[in-house]
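Chains as they are written, first to last, in numbering that gives the first Met the number 0: chain A, 0 to 294; chain B, 0 to 158. Working notes, beginning with the structure itself.
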Amino acid sequence: MGDKAGPWQRLAAGLRRLTPAELAARLTCLTLLFSPVGDWFVRPATMALAGAGLLLPGAWRSPWLWGALALLTGARVIADWPLADNHAYLLFYWCVALVVAAALRDPEVLARNARLLIGLMFAAAAWQKWTSPDYPNDVFFLTTFLLDPRFTDFTLLFTTLTPDQIEAGRAYLEAPHREPGTVPQFPFELPASFRLLATASTWWNLFEQTLVAASFLAPPASRLGRLRDAAMLLFCFTIYAVAPVPSFGWLLLAMTAAQGTPTLRARLWLLGCFAILGFYYEVPWAGLLLEASAR
Amino acid sequence: MPGGETVRAGARGRLRQVSGWLPVLLLASGLGVHLWQVRAHQLSPWLGAGFGMFASTDVGSVRRVEVFAVLADGTRYPVLLGSPYEDALRRARDLPSGRELERLAGVAREALAAQPDIAFPETPRHLRVEVWRNRYEPGSLQASSSMIATRDFAFDDGG
Numbered sequence: 000m001g002d003k004a005g006p007w008q009r010l011a012a013g014l015r016r017l018t019p020a021e022l023a024a025r026l027t028c029l030t031l032l033f034s035p036v037g038d039w040f041v042r043p044a045t046m047a048l049a050g051a052g053l054l055l056p057g058a059w060r061s062p063w064l065w066g067a068l069a070l071l072t073g074a075r076v077i078a079d080w081p082l083a084d085n086h087a088y089l090l091f092y093w094c095v096a097l098v099v100a101a102a103l104r105d106p107e108v109l110a111r112n113a114r115l116l117i118g119l120m121f122a123a124a125a126w127q128k129w130t131s132p133d134y135p136n137d138v139f140f141l142t143t144f145l146l147d148p149r150f151t152d153f154t155l156l157f158t159t160l161t162p163d164q165i166e167a168g169r170a171y172l173e174a175p176h177r178e179p180g181t182v183p184q185f186p187f188e189l190p191a192s193f194r195l196l197a198t199a200s201t202w203w204n205l206f207e208q209t210l211v212a213a214s215f216l217a218p219p220a221s222r223l224g225r226l227r228d229a230a231m232l233l234f235c236f237t238i239y240a241v242a243p244v245p246s247f248g249w250l251l252l253a254m255t256a257a258q259g260t261p262t263l264r265a266r267l268w269l270l271g272c273f274a275i276l277g278f279y280y281e282v283p284w285a286g287l288l289l290e291a292s293a294r
Numbered sequence: 000m001p002g003g004e005t006v007r008a009g010a011r012g013r014l015r016q017v018s019g020w021l022p023v024l025l026l027a028s029g030l031g032v033h034l035w036q037v038r039a040h041q042l043s044p045w046l047g048a049g050f051g052m053f054a055s056t057d058v059g060s061v062r063r064v065e066v067f068a069v070l071a072d073g074t075r076y077p078v079l080l081g082s083p084y085e086d087a088l089r090r091a092r093d094l095p096s097g098r099e100l101e102r103l104a105g106v107a108r109e110a111l112a113a114q115p116d117i118a119f120p121e122t123p124r125h126l127r128v129e130v131w132r133n134r135y136e137p138g139s140l141q142a143s144s145s146m147i148a149t150r151d152f153a154f155d156d157g158g
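As structure tokens, then:
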């Protein structure tokens with residue numbers, strides 16, 4: 000039977016055999032290889048350790064491997080404080096979770112830490128948004144879509160703004176405005192499509208991040224708790240299509256794997272999402288659609 | 000000695016229990032430090048382990064750091080710091096604590112010392128570091144800038 004199995008059956012059987020902890024550890028190593036972290040003195044070591052974790056049999060369960068990675072990722076956030084991106088801190092906490100679980104030989108500890116780290120991190124992110132003086136009133140997205148060049152294609156695709164307007168808006172928003180009597184007005188009337196995009200983005204983000212936080216912090220067997228994997232997939236499929244930070248998404252998916260439902264279907268969704276984050280990052284889909292629509 | 004064994008086993012069990020919560024304790028500590036730095040030292044909400052990314056307009060690109068050499072009569076001369084000083088500028092911009100502003104003043108002194116052709120009419124009295132940020136009115140996006148940190152440092156401090 001084994002010899003007659005096609006590649007699909009072999010892949011399915013291999014995926015079924017992986018424990019949640021092994022899948023999570025391997026996805027973490029892949030994340031570190033796809034998106035190496037730190038400066039020149041941290042990067043080669045993290046890549047070598049991640050490669051060892053993937054290639055050497057059983058290395059993924061070594062507390063020494065994860066201990067070394069925790070030291071390196073921890074040294075990086077301390078050296079960069081406070082300038083490191085938020086997922087650098089999460090990567091460090093996650094490596095510590097992997098060390099602890101490997102040292103205690105307790106995959107339940109890893110699953111619990113994965114749930115709590117994701118839940119608390121999203122609770123903090125959602126709370127920062129709900130309480131921010133310029134988030135629920137749309138000011139954040141109205142300014143960010145103009146200021147951050149990573150969102151320019153997306154903004155041009157879904158609104159009636161022109162590249163010149165975005166440029167003028169960015170120059171106005173970044174300029175110093177120190178004398179209230181002489182401050183010029185915003186250089187153009189904000190179109191309804193732009194306001195609508197900002198409002199939709201604001202409330203979608205608030206909804207998604209609150210849902211992820213609530214579902215990961217709820218008791219795992221509760222109705223809300225059982226939604227957690229789907230909530231995370233929805234978050235990753237939608238947010239990372241626009242925000243080009245796949246390393247954050249890959250890390251979240253690796254953590255989700257540690258505590259998720261170990262069914263084949265759930266794992267295929269997770270791996271599909273892992274792959275599509277790479278697609279979002281490598282393929283400038285908004286720019287290509289924009290070009291196609293201009294023809 | 001069975002009693003000693005029991006105590007040691009109990010201690011090991013407690014250590015196992017506590018170490019299982021270490022990642023969550025680290026996250027909570029990081030969050031606490033972030034909140035304290037935001038309140039006490041105007042850390043940008045995007046930074047410092049608080050997971051406040053994409054939540055606030057208070058981001059580096061709308062903050063501005065300015066350094067001036069100030070003469071006794073109050074005349075100010077801007078000190079322009081180039082890319083070799085980018086790290087100090089960025090740290091002072093994103094976390095304008097006394098320590099980071101002092102570090103920036105130190106590199107500004109070094110930069111001035113390295114360019115003896117820059118001549119002031121008299122020896123400046125002090126260096127002033129100012130950090131500004133932009134805010135935007137809901138609806139109109141009318142912008143205004145406000146100073147979020149400033150500090151003077153004696154010009155010859157630190158030699």
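Note that CB positions come from ideal geometry on N, CA and C, so glycine has one too.
Check                                                                                                                                                                                    : Outcome
With A:S200 as the anchor, note down where its alpha helix (DSSP H) starts and where it stops.                                                                                           : 191–216
Sort out for me which residues DSSP pairs B:L126 with in a bridge.                                                                                                                       : B:A68, B:F152
According to DSSP, simplified to helix, strand and coil, what is A:A174?                                                                                                                 : coil
Please confirm if the region 134–147 of chain A is in contact with the region 51–59 of chain B, defined as three or more CB-CB distances below 8 Å between the two stretches.            : yes
For the beta strand (DSSP E) that contains B:P77, what are its first and last residues?                                                                                                  : 75–77
Let me check one thing: in DSSP terms, what residues is B:W131 bridge-paired to?                                                                                                         : B:R63, B:M146
What are the start and end residues of the alpha helix (DSSP H) that includes A:M46?                                                                                                     : 42–54
Would you mind telling me which residues of chain B sit closer than 7 Å to A:R177, beta carbon to beta carbon, in chain order?                                                           : S144
Using only alpha-carbon positions, find the residue among A:Q164, A:A49, A:L196, A:L89 that is nearest to A:L252.                                                                        : A:L89
Should A:L276 be labelled buried (16 or more other beta-carbon atoms within 10 Å of its own) or exposed?                                                                                 : buried
Taking A:L189 and A:R169 to be in contact with their CB atoms under 8 Å, please state how far apart those CB atoms are, rounded to whole angstroms.                                      : Contact doesn't hold; Cβ gap of about 14 Å is too wide.
Assess contact between the region 17–32 of chain A and the region 90–103 of chain A, defined as three or more Cβ pairs (one per stretch) separated by less than 8 Å. Is contact present? : yes
Can you find a CB in chain B that lies within less than 9 Å of the CB of A:L276?                                                                                                         : no
Can you give the beta carbon distance from A:Q298 to B:Q114, rounded, assuming they're within the 8 Å contact cut?                                                                       : Limits of chain A in this structure are 0 at one end and 294 at the other, which puts residue 298 of chain A out of reach.
Measuring only the C-alpha atoms, how far is A:L223 from A:T151?                                                                                                                         : 36 Å
Would you call the CB atoms of A:G118 and A:V211 closer than 9 Å?                                                                                                                        : yes
Are three or more beta carbon pairs between the region 257–273 of chain A and the region 1–13 of chain B nearer than 8 Å?                                                                : no
Taking three-plus beta-carbon pairs below 8 Å as touching, is the region 10–17 of chain A in contact with the region 29–44 of chain A?                                                   : no
If you drop the 5 nearest sequence neighbours on each side, which residues of the same chain put their C-beta closer than 6 Å to that of A:R114?                                         : F215, Q258
Does B:D57 come out as helix, strand or coil in the three-state DSSP assignment?                                                                                                         : coil
Rounded to whole angstroms, what is the Cα-Cα separation between B:R134 and B:S145?                                                                                                      : 8 Å
Which of helix, strand or coil does DSSP assign to B:E136?                                                                                                                               : coil
For a cutoff of 9 Å on Cβ pairs, would you count A:T27 as touching chain B?                                                                                                              : no
Alpha carbon to alpha carbon, how far is B:P152 from B:A91?                                                                                                                              : Looking at the sequence shown, residue 152 of chain B is not Pro but Phe. Cα to Cα, the separation comes out at about 14 Å.
Against chain A, with Cβ distances strictly below 9 Å, would B:S55 count as a contact?                                                                                                   : yes
Leaving out the 5 sequence neighbours to the left and right, which residues in its chain are closer than 6 Å to A:F157 when beta-carbon positions are compared?                          : L196
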